[in-house]
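Student: The structure under discussion is supplied below as structure tokens; questions concerning it will follow.
Protein chains in written order, with the numbering used here: chain A, 20 to 170; chain B, 23 to 148.
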């Protein structure tokens, strides 16, 4: 039990370090790859934390590699927009001048209901007031309203 | 930039740990298998005192390297081999050649299996 306790403290300290290195982001702001890495990390570390018969390194090592790759990839993404497009994809315009671009919705596999829900979250209840709505790579919706409607 | 240095340091650390583990396992286990082969030769020649001395030396060495090996390998596997080596010493004391050779073969297979499991080949990766 004491070993379990010490292991948990060590893993906690290591996870805090890893998360700090990956940067400050809320779950809703994460890119798909970041979310996947966060989930994978929690899964990897759970096993050596509970099983004292497994070397601690078997959990720590994959996390070190994942965090390093995440940081390196994010730095390359900063330098190269093309690389960023490959990893994160492009923002997609889904509403233009009050009209829903159906082909774009199909492309990103978002239903009308989901789109209306995203708009309501932005306090928009009339689609005609939207000049542009862009679906960002992290899944959030950025909306530009018509100037006269905004005033 | 500091973050990139830490990331690269993490990556290098992970690679160096992996290489250390691989070299430790492959070199150490090779030595143990060779030593066990020698004990098998001694016992087949009915040289029981030499068999016992060498087996006990192997067992002591394993107990010493256990600390290092536990850092990298599943503790259960390391313990299992330690128990086998202790049991081998008992068989050598009892001059039980048949059981000694049987257990010695089993231990060598376990050592080789652990070594093979660490090889970075396609089969292990997939």
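Just so it is clear, CB atoms sit at the ideal spot from N, CA and C, and this is done for glycine as well.
Find the nearest neighbour of residue 107 of chain A within the set A:164, A:21, A:154 and A:41, judged by alpha-carbon distance.
Tutor: A:154
Student: Can you confirm whether residue 133 of chain B, when its beta carbon is compared against all beta carbons of chain A, has any partner nearer than 8 angstroms?
Tutor: Taking Cβ atoms only, chain A never reaches closer than 8 angstroms to residue 133 of chain B, which makes this a no.
Student: Measure the C-alpha to C-alpha separation of residue 25 of chain A and residue 71 of chain A and round it to an integer number of angstroms.
Tutor: Between residue 25 of chain A and residue 71 of chain A, the C-alpha separation is close to 11 angstroms.
Student: Quick one: which residues of the region 62 to 95 of chain A get their C-beta closer than 7 angstroms to a C-beta of chain B? List them in chain order.
Tutor: Along the region 62 to 95 of chain A, going in chain order, the ones with a CB nearer than 7 angstroms to a CB of chain B are 72, 73, 74, 76, 80, 83, 84, 86, 87, 90, 91 and 94.
Student: Where does residue 154 of chain A sit, in a helix, a strand or coil, going by DSSP?
Tutor: In the structure shown, residue 154 of chain A sits in a strand (DSSP, three-state: E or B).
Student: Which residue wins for smallest C-alpha separation from residue 165 of chain A, given the options A:57, A:143, A:65 and A:67?
Tutor: Measuring from the Cα of residue 165 of chain A, the nearest candidate turns out to be A:143.
Student: For my contact list, residue 55 of chain B and residue 130 of chain B are in at a C-beta cut-off of 8 angstroms; report their separation, rounded to the angstrom.
Tutor: 5 angstroms
Student: Give, in chain order, every residue of the region 85 to 108 of chain B whose Cβ lies closer than 7 angstroms to some Cβ of chain A.
Tutor: Residues of the region 85 to 108 of chain B that bring their beta carbon within less than 7 angstroms of a beta carbon in chain A comprise 92, 93, 94, 95, 96, 97 and 98, in sequence order.
Student: With distances taken Cα to Cα, identify the nearest neighbour of residue 118 of chain A among A:36, A:28, A:40 and A:150.
Tutor: Here the closest residue by C-alpha is A:150.
Student: With distances taken from CA atoms, which of A:28, A:41, A:135 and A:104 is nearest residue 91 of chain A?
Tutor: A:41
Student: Assign residue 138 of chain A to one of two classes, buried (16 or more other C-beta atoms within 10 Å of its C-beta) or exposed (fewer than that).
Tutor: buried
Student: For a quick check, are the C-beta atoms of residue 113 of chain B and residue 121 of chain B less than 8 angstroms apart?
Tutor: yes
Student: For residue 83 of chain B, which option in B:94, B:41 and B:108 has the closest C-alpha, if you only look at C-alpha atoms?
Tutor: B:108
Student: Can you pull the DSSP bridge partners for residue 91 of chain A?
Tutor: None; residue 91 of chain A has no bridge partner.
Student: By the three-class DSSP mapping on this structure, what secondary structure does residue 50 of chain A have?
Tutor: coil
Student: Drop a sphere of 10 angstroms on the beta-carbon of residue 89 of chain A, count the other beta-carbons inside from all chains shown, and report buried for 16 or more, exposed for fewer.
Tutor: buried
Student: At a Cβ threshold of 8 angstroms, is residue 124 of chain B touching chain E?
Tutor: Judged by its chain identifiers, the structure shown contains no chain E, and its protein chains are A and B.
Student: What runs of the alpha helix (DSSP H), each 4 residues or longer, lie entirely inside the region 111 to 138 of chain A?
Tutor: For the region 111 to 138 of chain A, whole alpha helix (DSSP H) runs of length 4 or above, ordered along the chain, are 121 to 127.
Student: On the premise that residue 113 of chain A lies in contact with residue 124 of chain A, defined as a C-beta separation below 8 angstroms, what is that separation, rounded to the nearest angstrom?
Tutor: 6 angstroms
Student: Tell me which residue opens and which closes the beta strand (DSSP E) that residue 163 of chain A is part of.
Tutor: 160 to 164
Student: Just to make sure I have the definition right: I need the residues of chain A whose C-beta is within less than 8 angstroms of the C-beta of residue 39 of chain B. Which are they?
Tutor: 76 and 80
Student: For a contact defined as C-beta to C-beta under 7 angstroms, what are the partners of residue 28 of chain B on chain A?
Tutor: 40
Student: Looking at the secondary structure, which residues open and close the alpha helix (DSSP H) in which residue 89 of chain B lies?
Tutor: Element bounds for residue 89 of chain B: 70 to 94.
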